[in-house]
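First residue of the sequence shown? That's 1 in UniProt numbering, and the numbers climb one at a time after it. Here the structure is laid out as structure tokens; the discussion comes afterwards.
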Amino acid sequence: MSRPIRLWRPRQTRTSDDAGITILKSTLPQASRTAAPYEIAAQEHGKLTHLPSLTYFCVQTLLDYPDQVHALGPLRLTYRPPDSPDAHDILRELIPSYRAHNPLDIRLVDPRLWALLAQIYRGLPPQFRSYTLPLGDRHLTLLQRIPPTADFALVTTLALPTCKELTDDNIVLLKDMHSLCAFDASGTALSAWAIKVFAKTLTTADDEDAVYMPPGASRRGPWGLRILSLRNCMNVDSEVFDHLPLFPLLSVVDVRGTRCKSSKAKYFRDCDDAHLFYPATLSEALSALETIASKEQCPLYSHPRPYLLNVLGLEHGKLSVAERRSLRAINLVDVSPSIGTRRDVFLPPLRDATSPPPPAHQRNRTTGMATPSTSRHSSDDQVLLDIVCDCSGCANDGACEHRNAVAAAAREGLQGARRISAMRFYEQPKPASRVRRAARPSDPKHACKPEDKPFMLFRFPPAWSSLPSPEVPADAQRKKAKLDPPLADKRTLSADGIRERAEVKTAVTAMHASLKERQVSRAAVVVSDTAESSGEAERKVSSNPFARPTKSKSTEKTRATSKVQASSSSVPAKRTLSNCADAPRVSTLSLKLSLPTTTAKKLIPASQLPIPPLPPEFRAQAARSARRRVPALVTPNAKRIQATLDPALLAASKRTDSSAGFRPTSTLTLKNVIQPTSLSSKPTSAKSKPKPKPITSASFDWTAWRK
């Protein structure tokens, strides 16, 4: 389902919390709460009471794809109205409210069905030449994707005068209006910047599938815009004239009531034709523009007789009570299982097996093989008299109370429907949009003032063929020639080519994705195994970063395996993939797997690294700093004093030296004082250790120690 276009201007409300912080709240657009008239009509119609024709089922199957009917080519069916009331009518079968002699409310017809009938049939009644729906309809964007071709053209007019929801911020949402031809934005808040943004939506499809589309299908945006009304837009100024040439087919521009100071716009001139401007409607302005172009034999559209799609307002309007009653009356009239006034194949009501068979004339009505006297009716009143009584046990040929009551109710419903139809035919049509529109003057000549003439701009309408065609690359043309084989009548199967192209592209993409995934997974597994094995071997040898790692057998084996795999994968190997679930169907594949080779780098200790020489400009400075760091030399004759020696002991030793004839018999040196200790294998406690002998001053030779 396509996404609807919803114009929305956020409403902000300012509040504050307990801390005094200002909070701005804005509401999002809500879904439409009003059902479309064609949806209400489908619900009121209910289930079918007859067996439809094969054409009915074919049209219902194509109902969701009106944008793809162009793939059928120039094939069209011709609609012929029934010659008599007994003939079958496909329009009445598809549209229950359609009557050939009564006006048709086109709002009760599904827009997809209308677009489908317009593309398939030629010679439809004039009531089907135009269709009206709002901007927020969910099927509008689907209809906008119908491409203009040489066999069909759809022209869209968008009227949003005085619409408060249309702003500079959301005008970009109108980029999906690909068939927009006339746009009325008078009295809105648009500015010149909005026109520039709207012109930037003109793009083309850049994908490869655009080769198989018609030229009109590859264009995105309002390329066919010819009429633009900016009347009474107070934010529009003279800058808008710089953006008007961006629309290649724009011919009529209305800037009355704006801030434009002059009408010096490129390629445009003043115009006094009142039929092209307000108060004429957009459809009337298009008709006048087509009349001007026909004098020069300039085609405005891809097809000389386009269908018109009028977009009015934003949402669907509610049906009145009288319109709902008319729908119910129409459905009540259709109780009889007939298409037109002829009885078609229908499902008969169920009867009890015990009841007697119906009479002969009722059997003829039930099976659809009516006699000439009972099948030729001239009006719907006679059809009401042929209602078959389905009462259980009612088999008499006379009058039945139940049948008379049903016939009377149907007759009253038919009279009410005719009365409502006549009232609707003679009353003024009510607009279906919610946008307020001002009353239009009856005579357009009195509405145009002389001072407004400089702001009514016009240029001769360019031809439809003047639109730039999308550039198709040469390789895409070659692919198209290969995929679309020509037929005997020099035509190509564009639909088959598109389908085959999509299937081939999907298969090739899946194949490349699987190959890349397999290649990356293999390389990652081999590299991770090599890194893990080498890392474990190096960690087992030593934790010293300067130690040279020893080669283990597992590391050598892993490196040898990786070299063999790398050498084998460098040669292209042709493999045939079988029909498996995870691999595409390919005949032969050439796989090249390049694995990273791991080379061991020699490590050198830091002590063996050569010291680089100092640059010449830094040598003198380095020498001076080295002299400053050298400590002063200690003279050998300097007097030394042991700071740890007790003064009393020092005085006693001096008195001993001064006494005559005294010489120590034995000398004690530092070596004799400090005895070497022998280590035992058994641990000893602190209590078992012998206490050291105290050294007295009498047994220590201080003089010998000083020498």
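Ideal Cβ placement from N, Cα and C applies to all residues, glycine included. If you're wondering where the values come from, they're calculated on a predicted model, not measured in any experiment.
CB contact flag (residue i, residue j, <8 Å)
i           : j      : result
Leu225      : Phe277 : no
Leu63       : Leu108 : no
Thr55       : Ile90  : yes
Leu309      : Thr156 : yes
residue 758 : Lys453 : Because the chain in this structure spans residues 1 to 707, residue 758 falls outside the shown range and cannot be described.
His139      : Lys196 : no
Leu230      : Ala185 : yes
Leu142      : Ser2   : yes
Asn170      : Leu7   : yes
Phe546      : Ala507 : no
Leu202      : Gly221 : yes
Leu467      : Trp223 : yes
Pro82       : His88  : yes
Thr79       : Ile106 : The amino acid at residue 79 is misidentified as Thr; the sequence shows Tyr. No, Cβ-Cβ distance for Tyr79 and Ile106 is not below 8 Å.
Ile227      : Leu174 : no
Pro52       : Glu93  : yes
Pro37       : His275 : no
Gly136      : Pro4   : yes
Thr34       : Lys318 : yes
Ala42       : Ser97  : no
Gln119      : Val69  : yes
Leu609      : Ala622 : no
Asp151      : Pro74  : yes
For residue i: DSSP bridge partner residues
i           : result
Phe128      : Its beta-bridge partners do not exist; DSSP assigns none.
Gln12       : Ser26
Arg122      : Thr78
Met456      : Asp254
Leu308      : Ser130 and Val155
Ser191      : Asn235
Thr203      : Arg220
residue 723 : Residue 723 lies beyond the range of the chain shown here (1 to 707); nothing can be said about it.
Arg269      : Phe458
Residue interval of the alpha helix (DSSP H) (run including residue i)
i           : result
residue 731 : With the chain covering 1 to 707 only, the question about residue 731 has no answer from this structure.
Tyr56       : Leu54 to Thr61
Pro616      : Pro616 to Arg628
Leu142      : Leu140 to Gln144
Lys602      : No alpha helix (DSSP H) contains Lys602, which DSSP labels as neither H nor E.
Ser218      : No alpha helix (DSSP H) holds Ser218; DSSP gives it neither H nor E.
Lys295      : Leu282 to Lys295
Ile90       : Ile90 to Leu94
Where the beta strand (DSSP E) through residue i begins and ends
i      : result
Val155 : Leu154 to Ala159
Ile227 : Ile227 to Ser229
Ala182 : Leu180 to Asp184
Whole-number beta carbon distance between residue j and residue i, since they are thought to touch under 8 Å
i           : j      : result
Gly313      : Pro462 : Not confirmed; about 31 Å, so no contact.
Arg112      : Leu77  : Arg112 to Leu77, Cβ: 18 Å. No contact.
Gln127      : Asp176 : With a Cβ gap of about 27 Å, Gln127 and Asp176 do not count as contacting.
Phe268      : Leu457 : 4 Å
Ser251      : Arg459 : 6 Å
Pro148      : Ser302 : 4 Å
Ala189      : Thr162 : Not confirmed; about 10 Å, so no contact.
Glu165      : Arg324 : With 8 Å as the limit, Glu165 and Arg324 do not qualify as a contact, their Cβ atoms being about 28 Å apart.
Val311      : Leu154 : Val311 to Leu154, Cβ: 12 Å. No contact.
Val255      : Phe455 : 5 Å
Ser421      : Asn102 : 6 Å
Trp464      : Leu300 : 6 Å
Arg14       : Thr22  : 6 Å
Thr204      : Ser218 : 5 Å
residue 711 : Tyr307 : Any answer about residue 711 is impossible in this case: the structure gives the chain only from 1 up to 707.
Near the ligand GTP: residue i beta-carbon under 7 Å from a heavy atom
i      : result
Ser653 : Here there are no bound small molecules, and the ligand GTP is not part of this structure.
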